[in-house]
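These notes concern the structure reproduced below.
In our numbering, the protein residues as written are 41 to 479.
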């Protein structure tokens, strides 16, 4: 290798070949593959920058925000509203979130090259009433074949050993069927690769929140109830639920199959008169049915008293037996604010433990009656970021902060601003709803 330069330099000097310089780009012939490759690369870069820093498209897969946001809605979410969050896991397969196409659990990102949380200035911060898109706070650990359930709730119900065993089988919904599937192992996801959720912001940092009989009170003031929000009602069918009744309910009262829960419907069958049913309704729908109700017997609004668990073990935040809160009767609870200090005790530690240990990255242990943070005894803690309380408008069919707690600001993605396309699973495209603003 040391001989090569001494041989190559004289050869270049005495060569008879004339140096004509680089070929001008306009004269260089490029094949079709090169032309398309450049165009696709440019399009990918532009689209990635656009969806990272300005607006990104999302879809609504579940009814947790009905009837404000509907299953089948396609949204534009503004990253500018709260400030674009810089990529924390930048090495990702283009146009994927966390999973490779045509797979169910293969990660589409690498986590050996990551960046700390940073956010560019935005137009503001989340406010009460905003429809906020965020990364699911409990989504740091996911069961590979049961990604629609919270890992932490599964651990409370089944035990960590069973959930961590990839061969443990569990009944889970796959499409329209409920089948037995193996756990498949655990997946770990960084903040920006956790599942995207959308909920209504009902309380911001520094607020004191309480839920009384399903209604939210912030600092003692009752919330402004979203016009299209729903409660669930227990009732029974007056008539057989045939195709004619189904069409009439949908056309006259906008009550679809997805709004009702009954044994028959869950098993793909037609309910008969007298069968109990739980139906989600807006205030306007309730008033219409009170005037003319050909479908159901008397409607009784669901109101779960304190201490109600509904089939799971300690499902309500802070998931501790010392708190008897339910989804309808909850709190009061103070929402942590950046720079604020809270006094810690063994009694209130379940409320703030995940914030200190997970979201803000400190080492927290309890030894006897003493709380130890980063090796030092602690009786207080100062928060390093703001937190928010987010709930679905479909109050009895939403997995939200009542079940898994606070949403840190570093998990916030953006604000839903526009429905650009929408399709009802039963009736097709909702033409009147297209290009409507999100309320």
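Idealized CB from N, CA, C, for every residue including glycine. Predicted model, so just to flag it, every value in this text is computed and none were measured.
Rounded distance between the beta-carbons of residue 98 and residue 129, thought under 8 Å: Between the beta-carbon of residue 129 and that of residue 98 there is about 18 Å, and that puts the pair past the 8 Å contact cut.
Same chain only: Cβ atoms within 6 Å of residue 266, ignoring 5 sequence neighbours per side: Answer for residue 266: 108, 433, listed in chain order.
Residue-chain proximity (residue 450, chain C), Cβ-Cβ < 9 Å: No chain C is present in this structure, which holds just one protein chain.
Residue of 172, 126, 342 minimising C-alpha distance to residue 33: Within the shown structure, residues of the chain are numbered from 41 to 479, placing residue 33 beyond reach of any answer.
Option nearest residue 224 by Cα separation, candidates 401, 211, 204: Selection 401, 211, 204 evaluated against residue 224 yields 204 as nearest (Cα-Cα).
Check whether residue 177 and residue 448 have beta carbons under 9 Å apart: It is a contact, given that the beta carbons lie within the stated cut-off.
Closest by C-alpha distance to residue 229, when choosing among 366, 175, 211: Here the closest residue by C-alpha is 175.
C-beta contact flag for residue 335 and residue 262 at 9 Å: The answer is no: Cβ separation not under 9 Å.
Residue 186 and residue 221 closer than 9 Å at C-beta: A distance below 9 Å separates the beta carbons of residue 186 and residue 221.
Residue environment, residue 118, which counts as buried when at least 16 other CB atoms sit within 10 Å: Of the residues assessed, residue 118 falls on the buried side of the cut-off, its CB having 16 or more other CB atoms within 10 angstroms.
Burial state of residue 254, where buried means 16 or more other Cβ atoms lie within 10 Å: Buried, because 16 or more other Cβ atoms sit within 10 Å of the Cβ of residue 254.
Per-residue burial, residue 209 [other beta carbons within 10 Å of its own, 16 or more giving buried]: Residue 209 is exposed by the Cβ-count criterion.
Chain-order list of residues whose beta-carbon lies under 8 Å from that of residue 131 (same chain, five-residue window excluded): Only 149, 150, 153 meet the Cβ criterion.
Check whether residue 244 and residue 440 have beta carbons under 9 Å apart: Not a contact, by the Cβ cut-off of 9 Å.
Residue 343 versus 332, 369, 358, 325, residue with shortest Cα-Cα distance: Closest by C-alpha distance to residue 343, out of 332, 369, 358, 325, is 369.
Pick from 451, 384, 429 that is closest to residue 421, judged by C-alpha positions: Sorting 451, 384, 429 by C-alpha distance to the C-alpha of residue 421 places 384 at the top.
Extent of the continuous beta strand (DSSP E) run through residue 218: First-last of the beta strand (DSSP E) with residue 218: 217-222.
Same chain only: Cβ atoms within 7 Å of residue 281, ignoring 5 sequence neighbours per side: Hits under 7 Å: 310, 311.
Stretch pair the segment 288-299 + the segment 457-473: three plus CB contacts closer than 8 Å: Two segments are said to touch when three or more pairs of C-beta atoms, one from each, lie closer than 8 Å; by this definition the segment 288-299 touches the segment 457-473.
Separation of residue 94 from residue 77, as counted between CA atoms: Spanning the alpha carbons of residue 77 and residue 94 requires a straight line of approximately 25 Å.
Three-way DSSP call (helix, strand, coil) for residue 234 in this model: Collapsing the DSSP output to three states places residue 234 in coil.
Own chain residues within Cβ distance below 8 Å of residue 165, not counting five before or after: Within the same chain, and ignoring the five residues on either side of residue 165 in sequence, the residues whose Cβ sits closer than 8 Å to its Cβ are 122, 244, 426, 449.
Selection from 207, 214, 232, 141 that minimises the alpha carbon distance to residue 179: Relative to residue 179, the option among 207, 214, 232, 141 whose CA is nearest is 232.
Residue nearest to residue 399 in terms of C-alpha spacing, selected from 80, 451, 116: Cα-wise, what sits closest to residue 399 is 451.
Nonlocal neighbours in the same chain, by C-beta distance under 7 Å from residue 396, ignoring five residues either side: So the qualifying residues of the chain are 402, 404, 413, 421.
Rounded C-alpha distance that separates residue 269 from residue 374: Each residue's Cα considered, the two are about 24 Å apart.
Coil, strand or helix - residue 291 by DSSP: In the structure shown, the three-state DSSP call for residue 291 is helix.
Residue 112 - DSSP class collapsed to helix/strand/coil: The answer is coil: DSSP assigns residue 112 none of H, G, I, E or B.
Delimiting residues of the alpha helix (DSSP H) encompassing residue 78: First-last of the alpha helix (DSSP H) with residue 78: 72-93.
Residue 425 CB to nearest heavy atom of the ligand COA below 8 Å: By its list of ligands, the structure shown contains no ligand whatsoever, and the ligand COA lies outside what it can speak to.
Local conformation of residue 272 per DSSP, three classes: Residue 272 falls in the strand class under three-state DSSP.
Proximity of residue 371 and residue 251 at Cβ, strictly below 9 Å: Yes.
Buried/exposed call for residue 303, threshold 16 Cβ in 10 Å: The residue in question, residue 303, is exposed, as its Cβ has fewer than 16 Cβ neighbours within 10 Å.
CB-CB length for residue 455 against residue 172, believed under 8 Å: That belief holds up - the Cβ atoms of residue 455 and residue 172 are roughly 6 Å apart, short of 8 Å.
Nearest-angstrom Cβ-Cβ length linking residue 142 and residue 184, presumed shorter than 8 Å: With 8 Å as the limit, residue 142 and residue 184 do not qualify as a contact, their Cβ atoms being about 16 Å apart.
Proximal residues to residue 471 (C-beta, below 6 Å), its chain only, five neighbours per side dropped: Within the same chain, no Cβ atom closer than 6 Å to the Cβ of residue 471 is found once the five residues on either side in sequence are excluded.
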